[in-house]
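My numbering applies: residue 10 is where the sequence shown begins, and numbers increase by one.
Built from N, CA and C at the ideal position, the CB exists for glycine as well.
A short worksheet on the structure shown next.
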Amino acid sequence: MAIISELVVYPVKSLQGISVSSAELTEQGLKWDRFWMIVNQDGQFASQRHFSQMATVATELTDSHLILSHAEHQDLLIPLQSNDEVKRNRCVVKVWSSECEALNEGQLASDWLTNVLGQWRGQNLSLVRMAHDFQRAVSNKHTQGTENTTYFSDGYPYLVTTTASLEVLNQKLEQQSENAIPMDRFRANIVVDNKEDIANAFIENRSDFLEIGPNEYLLELCKPCERCKVPSIDQKSGFSESPQQPLKTLFAMDHVQQKGAYFGHNAVLSESAKVKANTEQKTLLVSVGDSVEFV
10 MAIISELVVY PVKSLQGISV SSAELTEQGL KWDRFWMIVN QDGQFASQRH
60 FSQMATVATE LTDSHLILSH AEHQDLLIPL QSNDEVKRNR CVVKVWSSEC
110 EALNEGQLAS DWLTNVLGQW RGQNLSLVRM AHDFQRAVSN KHTQGTENTT
160 YFSDGYPYLV TTTASLEVLN QKLEQQSENA IPMDRFRANI VVDNKEDIAN
210 AFIENRSDFL EIGPNEYLLE LCKPCERCKV PSIDQKSGFS ESPQQPLKTL
260 FAMDHVQQKG AYFGHNAVLS ESAKVKANTE QKTLLVSVGD SVEFV
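Written as structure tokens, this is what we have:
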């Protein structure tokens, strides 16, 4: 039986995630996932593609604050509820081709991030949160025409990976005398443990939905996740010992029908789950250990 082995929330795009025992499914992703983002003064988003050392900044969520921490700096505390000053700091930022309305968290956060990570393109960094009254639409090209929203993810609110797929990838790496890599390199939200049956490797790419737990919440599986250089970066140190891997190996594999390096699957909340959340006012809670089925 396949189960959820890990749930990870990434409050700030490209910073460290938080492994949790349970999480709420929302239309925009796991609650608080990628609700914040780091930008330069032009509103262009920063990621580990530009700053691999973003992987060294830890995140924590309390009942009242987002906390950013780094080994060489004092913690930065950001209230979960934006104050009046932050609400006045409205700005426009970009995630790839998407323009989003956001709220700038202020000078203290800007100074902290710039001190920790440095400037980008000659500009200081800022921390922004998604404006409460703005909705960023997900492209419906791969979502069976349904309407969905997300915060500051690359494009989709959920990323699902499986341990059987990682097992096969690591076997390929080791055959080339390369080191096996851990799952955290792929920054998934939902990790499914199905490695007892290696035949289920990449089943996420052959399925339409992921059914979760006794309440049978459905995630619609939209498209395989095309990978960039981030999986080569150690998610604790921020360094890359083998910059070409695992991309080189993923490029050579044929588990998807299109050219490129793919691992994991992008997903959205299904229409039936949205009805439970919005019409029936249910909290869609999922937990590590919940049984899952790819359908």
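query: Are the CB atoms of L227 and S148 within a distance shorter than 7 Å?; result: no
query: Cutting at 8 Å between CB atoms, please list the residues of its own chain near I207, excluding the five before and the five after it.; result: A173, E176, V177
query: Taking 7 Å as the CB-CB limit, is F195 close to chain C?; result: No chain C is part of this structure, which consists of one protein chain only.
query: With respect to the alpha helix (DSSP H) encompassing R97, which residues constitute its N-terminal and C-terminal limits?; result: 93 to 97
query: Which same chain residues end up closer than 8 Å to P252 when comparing Cβ atoms and leaving out the 5 residues on each side of it in sequence?; result: K238, S241
query: Is DSSP giving D84 helix, strand or coil here?; result: strand
query: Mapping DSSP to helix, strand and coil, what is N179?; result: helix
query: On the criterion of 16 or more Cβ atoms from any shown chain inside 10 Å, does L182 qualify as buried, or is it exposed?; result: buried
query: What's the gap between the Cα of V297 and the Cα of S31?; result: 6 Å
query: Take V8 and list the residues in its own chain whose beta-carbon comes closer than 8 Å to its own, dropping the five residues that flank it on each side.; result: There is no way to answer for residue 8, as the model of the chain reaches only from 10 to 304.
query: Could you tell me which whole beta strand (DSSP E) segments of length 3 or greater appear in the region 102 to 176?; result: 107 to 113, 135 to 139, 167 to 171
query: Figure out for me which residue from M139, E205, Q267, F260 has the closest Cα to the Cα of W41.; result: M139
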